[in-house]
Amino acid sequence: MHSLLLIHNGKTENDIETRSAQSPEGILKSCGYVVGVATDQEQAAGMIRDIDAFILNMPITEINLWREKLIRHKIAPVLWWCTSSTANLSVSACGDDIMVDGILSPSMQAQEIHWILHFSSRQCFERHQWLKEKEQLLARIEERKWIDMAKGILSKAKNISESEAYDLLRKQAMNERKRMVDVATSIVKVYQLLQDQT
Numbered sequence: 001m002h003s004l005l006l007i008h009n010g011k012t013e014n015d016i017e018t019r020s021a022q023s024p025e026g027i028l029k030s031c032g033y034v035v036g037v038a039t040d041q042e043q044a045a046g047m048i049r050d051i052d053a054f055i056l057n058m059p060i061t062e063i064n065l066w067r068e069k070l071i072r073h074k075i076a077p078v079l080w081w082c083t084s085s086t087a088n089l090s091v092s093a094c095g096d097d098i099m100v101d102g103i104l105s106p107s108m109q110a111q112e113i114h115w116i117l118h119f120s121s122r123q124c125f126e127r128h129q130w131l132k133e134k135e136q137l138l139a140r141i142e143e144r145k146w147i148d149m150a151k152g153i154l155s156k157a158k159n160i161s162e163s164e165a166y167d168l169l170r171k172q173a174m175n176e177r178k179r180m181v182d183v184a185t186s187i188v189k190v191y192q193l194l195q196d197q198t
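When the letters of the sequence shown are read in order and numbered with the UniProt record's numbering, they come out as residues 1 to 198.
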């Protein structure tokens with residue numbers, strides 16, 4: 001991880017403080033990172049392609065909105081820059097469903113920042129992989145439902161066992177050069193259409 005995008009959400013401190021060594025940008029640059037700074041969505045969009053992580057310097061209640069905007073463009077870790085000015089809300093704000101991969105603060109040493117960025121990157125990509133696997137499993141479950149419904153319809157209509165109905169579905173899919181779930185979906189929809197008309 002080398003290139004970071006620091007987002008101030010349009011509420012930057014005055015320019016002298018923002019560029020000082022104690023600013024998030026100054027601290028991250030002193031750790032050896034290339035840091036792009038954006039204050040609005042348009043600025044951020046122009047820099048997203050080349051970055052490795054997003055650092056959000058804003059109140060915690062604004063994080064999810066920004067996170068959604070950013071990850072639509074690129075999957076990358078999202079970290080919160082936590083300071084007394086960004087964490088000035090009550091503890092109840094922590095109960096919100098805030099999705100960040102890590103938290104950074106100005107009091108951290110360079111080594112701590114490196115480790116947090118490393119672990120947040122790993123966390124982000126593992127979560128993204130889990131979400132893809134979850135989507136695939138849900139799609140398989142949905143396909144299985146259509147196949148099971150079609151098996152039941154064929155079994156009842158042709159007075160055959162469910163295993164015979166499954167074989168019939170498989171053979172029909174091969175003959176039509178379609179996926180089994182597509183054949184099953186067609187059977188179920190036609191059956192439902194006929195049921196609605198009677």
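Here a beta-carbon is modelled for each residue, glycine too, at the ideal position from N, C-alpha and C.
According to DSSP, residue pairing for residue 53 in a beta bridge involves 4. The beta-carbon separation of residue 102 and residue 77, rounded to 7 Å, stays under the 8 Å limit for a contact. Between residue 28 and residue 54, the C-beta spacing is not below 9 Å.
Within the UniProt domain "ANTAR" (127-188), the complete alpha helix (DSSP H) segments of 4 residues or longer fall at 162-176, listed in chain order. Residue 68 and residue 165 have their C-alpha atoms roughly 45 Å apart. DSSP, read as helix, strand or coil, puts residue 71 in helix. The C-beta of residue 61 has fewer than 16 other C-beta atoms within 10 Å across all chains shown, which makes the residue exposed.
Apart from the 5 residues on each side of it in sequence, residue 129 has no Cβ closer than 6 Å to any other Cβ in its chain. When C-beta atoms of the region 130-138 are compared with those of the region 113-120, fewer than three pairs fall below 8 Å, so the two segments do not count as touching.
In this structure, residue 147 and residue 181 form a Cβ contact; the two beta carbons are roughly 6 Å apart against a cut-off of 8 Å.
Assignment of residue 32 by DSSP, reduced to helix, strand and coil, places it in the coil class. Residue 103 is bridged by DSSP to 80.
Taking the Cβ atoms as the reference, residue 39 lies roughly 10 Å from residue 58, outside the contact range of under 8 Å. Apart from the 5 residues on each side of it in sequence, residue 5 sits with its Cβ closer than 6 Å to the Cβ of 36, 47, 51 and 54 in its chain, given in chain order.
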